[in-house]
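Numbering (the UniProt record's numbering), first residue to last: 1 to 466.
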Ligand code: MLT
Ligand code: ZN
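Set out below in structure tokens:
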């Protein structure tokens with residue numbers, strides 16, 4: 001049966017590279033969530049937008065579901081293929097296609113890794129400012145599909161802000177060129193924005209034109225140790241008023257312990273409950289003096305217990321490693337990830353309730369907090385207790401997420417800040433989006449993917465539950 005389907009695909013898309021080895025099915029059928037057993041039909045590696053279009057048209061006729069696949073570094077199960085889907089990998093579509101010095105744009109194929117985009121922008125003395133720890137493995141198409149955020153959102157915003165134009169193949173099999181990199185375009189619905197954050201449910205991004213910006217002025221990095229969670233928001237307010245902040249990231253002593261166990265160097269002689277990595281412009285003496293003034297303002301009010309200011313690029317990288325190494329250091333514990341956001345102004349009230357819930361809801365579980373607190377995005381990772389089976393663990397975490405979703409709803413927050421809904425957060429989409437909004441999303445999905453072949457089961461089910 002499978003071999004007949006594959007033969008028909010190869011006949012429809014001559015020259016298409018396909019893989020069906022069990023090791024490849026396993027590798028390409030999962031993302032970083034590791035919670036589902038991969039079981040794709042095959043992996044297709046198109047080399048052009050035309051091949052992608054031919055695959056989608058074939059899949060519509062044959063009724064085969066497609067899972068678009070980039071670097072599969074996602075944390076919500078959006079790139080999982082566990083039900084005989086065809087994985088459409090963009091791995092062989094990873095070229096930088098062009099640079100326009102006047103428009104300050106870079107055009108790349110969707111499979112291009114984020115780090116390659118950074119490097120290409122740097123070659124032209126410009127920058128693509130979206131950045132996060134998986135930069136070497138994730139693909140630009142995946143970052144568009146999830147509207148990825150990362151560590152510099154407080155300065156530069158999310159991926160959405162940097163997409164000048166897109167080429168997509170819709171689930172209907174049409175190749176659309178969206179916005180043509182115009183800065184001003186008041187000509188109706190901006191379909192480009194539908195595809196940003198659509199998690200592969202409307203079609204496949206095949207090409208993106210990215211806006212670039214001038215590289216930031218030289219920066220410096222400081223690591224602060226804080227005595228309490230409450231101090232975090234006060235320190236943020238002080239630093240923001242004194243400095244041009246590029247990043248303001250926090251993590252707890254538990255997170256640090258895991259990163260140190262993975263070989264990082266302890267920053268202070270003593271352990272403190274909370275830490276902040278802040279990066280800020282330090283281009284001249286005035287900015288250096290502002291950094292010192294900010295630090296003193298924090299120290300005087302007892303908000304900071306210890307601090308280190310980097311004195312070299314190597315030391316700055318070492319300080320960043322303490323924050324960026326967290327995900328990898330937790331992976332072996334198969335964490336249940338919460339990626340929530342509230343408005344920064346709502347953070348103190350939300351935190352008070354969330355902390356109480358998590359303390360009461362997970363007795364005996366290790367809960368690791370970290371994230372992009374400067375933009376209202378917290379990562380709350382719950383680690384699998386030793387000896388606890390997957391089913392029991394996920395059921396327990398889901399119960400607590402039910403209440404967390406209620407708290408988020410009360411504070412106007414989101415159950416997914418930057419990882420996407422995928423499979424992991426699907427049960428809680430209604431806590432963030434109204435029934436009316438979801439009905440509109442279903443309608444849009446129906447138009448762009450009339451046969452329901454694009455990443456089915458992700459984000460929301462095509463039909464409401466009976
Ligand atoms: C991060 O901020 O490090 C990423 O979102 C990954 C994660 O949450 O583990
Ligand atoms: Zn994050």
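Don't be surprised by glycine CBs; every beta carbon is placed ideally from N, CA and C. These numbers come from a predicted model, not from an experiment.
Regarding residue 250 and ligand 2, is the C-beta to nearest heavy atom distance less than 7 Å?
Residue 250 sits at position 250 when you count from the first residue of the chain shown. Result no, Cβ not under 7 Å from ligand 2.
Say the cut is 7 Å; is the CB of residue 389 nearer than that to a heavy atom of ligand 2?
Locating residue 389 in the chain shown gives position 389, where the first residue counts as 1. Not one heavy atom of ligand 2 is found less than 7 Å from the C-beta of residue 389.
Candidates 402, 174, 79: which alpha carbon is nearest residue 431's?
Along the chain shown, read from residue 1 onward, the residue named residue 431 stands at position 431. Among 402, 174, 79, the Cα nearest to that of residue 431 is on 402.
Between the Cα of residue 226 and the Cα atoms of 75, 349, 268, which residue gives the shortest distance?
Within the chain shown, the letter at position 226 stands for residue 226. Considering only 75, 349, 268, the residue with the shortest C-alpha distance to residue 226 is 268.
Please go through the same chain and pick out, in chain order, the residues whose beta-carbon is closer than 8 Å to the beta-carbon of residue 45, but skip the five residues on each side of it.
One-based indexing of the chain shown puts residue 45 at position 45. Residues 16, 17, 18, 19, 89, 91, 92 of the same chain have their beta carbon placed closer than 8 Å to that of residue 45, with the five preceding and five following residues left out of the count.
Taking Cβ positions, are residue 410 and residue 376 nearer each other than 8 Å?
For this step, residue 410 is matched to residue 410 along the chain shown. For this step, residue 376 is matched to residue 376 along the chain shown. No.
Is it the case that the CB of residue 422 approaches a heavy atom of ligand 2 more closely than 7 Å?
Start at 1 with the first residue of the chain shown, and residue 422 comes out as number 422. No, the Cβ of residue 422 stays beyond 7 Å of every heavy atom of ligand 2.
Would you tell me roughly how many angstroms separate the C-alpha atoms of residue 357 and residue 68, rounded to the nearest one?
Here residue 357 refers to the residue found at position 357 of the chain shown. Here residue 68 refers to the residue found at position 68 of the chain shown. Answer to the nearest angstrom: the Cα atoms are 36 Å apart.
For residue 23, the nearest candidate out of 379, 39, 457 (CA to CA)
To locate residue 23, count along the chain shown from 1; it is residue 23. Ranking the options by Cα distance to residue 23, first place goes to 39.
Which residues mark the beginning and the end of the alpha helix (DSSP H) in which residue 119 is found?
Reading the chain shown from its first residue, position 119 is the one you call residue 119. Looking at the DSSP string, the run of the alpha helix (DSSP H) that includes residue 119 is 114-123.
CA-CA distance, residue 378 and residue 2?
Sequence index remark: in the chain shown, residue 378 carries index 378 (1-based). Sequence index remark: in the chain shown, residue 2 carries index 2 (1-based). Spanning the two alpha carbons is a distance of roughly 43 Å.
Would the stretch 241-259 count as touching the stretch 273-282 if we require 3 or more Cβ pairs under 8 Å?
The stretch 241-259 vs the stretch 273-282: in contact.
Count the CB pairs spanning the stretch 291-303 and the stretch 248-262 that are closer than 8 Å, and state whether there are at least three.
With the cut-off at 8 Å, the stretch 291-303 and the stretch 248-262 do not touch.
Beta carbon shell of ligand 2 at less than 7 Å from a heavy atom
Matched residues: 132, 149, 150, 339, 371, 372, 377, 379, 418.
Between residue 248 and residue 25, what straight-line distance do the alpha-carbon atoms span, to the nearest angstrom?
For this step, residue 248 is matched to residue 248 along the chain shown. For this step, residue 25 is matched to residue 25 along the chain shown. Rounded to whole angstroms, residue 248 to residue 25 spans 39 Å at the Cα level.
Which of the three DSSP states is assigned to residue 141 in this structure?
As a first step, residue 141 must be located in the chain shown, where it is residue number 141. Three-state result, residue 141: helix.
Distance cut-off 7 Å: residue 426 Cβ against heavy atoms of ligand 1
As a first step, residue 426 must be located in the chain shown, where it is residue number 426. No, ligand 1 has no heavy atom inside 7 Å of this Cβ.
Expressed to the nearest angstrom, what Euclidean distance is found between the alpha-carbon atoms of residue 113 and residue 270?
The residue you call residue 113 lines up with position 113 of the chain shown. The residue you call residue 270 lines up with position 270 of the chain shown. C-alpha separation (whole angstroms): 38 Å.
In angstroms with no decimal places, state the Cα-to-Cα distance between residue 367 and residue 186.
By 1-based counting over the chain shown, the position of residue 367 is 367. By 1-based counting over the chain shown, the position of residue 186 is 186. Separation of residue 367 and residue 186 (C-alpha to C-alpha, rounded to the nearest whole angstrom) is 47 Å.
Cβ-heavy atom distance between residue 326 and ligand 1 below 7 Å?
Counting from 1 along the chain shown, the entry for residue 326 is found at position 326. For ligand 1, at least one heavy atom lies less than 7 Å from the Cβ of residue 326.
Three-state class that DSSP yields for residue 483 in the structure shown
Nothing about residue 483 can be read from this structure; the chain reaches only from 1 to 466.
Which one or two residues does DSSP pair with residue 222 in a beta bridge?
One-based indexing of the chain shown puts residue 222 at position 222. Residue 222 pairs with 278, 309.
Taking all protein chains shown into account, decide if residue 105 is buried (16 or more other Cβ within 10 angstroms of its Cβ) or exposed.
Here residue 105 corresponds to residue number 105 of the chain shown, with the count starting at 1. It is buried - the Cβ of residue 105 has at least 16 other Cβ atoms within 10 Å.
Where in the stretch 306-352 do unbroken runs of the beta strand (DSSP E), each at least 3 residues long, occur, reported from the N-terminal end onward?
Note on the stretch 306-352: whole beta strand (DSSP E) runs with a minimum of 3 residues are 306-309, 336-341, in chain order.
The stretch 59-78 in contact with the stretch 441-455 per 3-pair CB rule at 8 Å:
Yes, the stretch 59-78 is in contact with the stretch 441-455.
Please name the residue in 75, 154, 174 whose C-alpha comes closest to that of residue 54.
For the purposes of this step, residue 54 is taken as the residue at position 54 of the chain shown. Taking only the C-alpha atoms, the option nearest residue 54 is 174.
Would you give the residue range spanned by the alpha helix (DSSP H) that residue 10 belongs to?
Taking the first residue of the chain shown as position 1, residue 10 is located at position 10. In the DSSP annotation of this structure, the continuous segment of the alpha helix (DSSP H) that includes residue 10 starts and ends at 2-12.
With DSSP as the reference, please indicate the residues paired to residue 45 in a beta bridge.
The count along the chain shown starts at 1 and reaches residue 45 at position 45. Paired residue(s): 17.
Quick check: does the Cβ of residue 481 come within less than 7 Å of any heavy atom belonging to ligand 1?
Lying before the first or after the last residue shown, residue 481 is absent from the chain, which here runs from 1 to 466.
For residue 177, collect the residues of the same chain with a Cβ closer than 6 Å to its Cβ; drop the 5 residues on either side in sequence, then sort them by chain order.
On the chain shown, position 177 is the one that residue 177 refers to. If we look at residue 177 and ignore the five residues flanking it on each side, its Cβ neighbours are 167.
Exposed or buried, what is residue 102 when buried is set at 16 or more other beta-carbons lying within 10 Å of its beta-carbon?
By one-based count along the chain shown, residue 102 stands at place 102. The residue is exposed, with fewer than 16 neighbouring Cβ atoms inside 10 Å.
Does ligand 1 have even one heavy atom less than 7 Å from the beta-carbon of residue 337?
If you number the chain shown from 1, residue 337 lands on position 337. Residue 337 has its Cβ nearer than 7 Å to a heavy atom of ligand 1.
Out of curiosity, what's the CA-to-CA distance linking residue 156 and residue 148?
Along the chain shown, one-based indexing puts residue 156 at 156. Along the chain shown, one-based indexing puts residue 148 at 148. Rounded to whole angstroms, residue 156 to residue 148 spans 12 Å at the Cα level.
How far does the beta strand (DSSP E) with residue 212 in it reach, from first residue to last?
Start at 1 with the first residue of the chain shown, and residue 212 comes out as number 212. Counting along the chain, residue 212 falls outside any beta strand (DSSP E), and DSSP gives it neither H nor E.
Nearest residue (CA-CA) to residue 478, options 415, 59, 50:
Coverage of the chain is limited to positions 1 through 466, which leaves residue 478 absent and any answer about it impossible.
The stretch 336-351 contacting the stretch 405-420, beta-carbon criterion three pairs below 8 Å
Touching, per the Cβ criterion.
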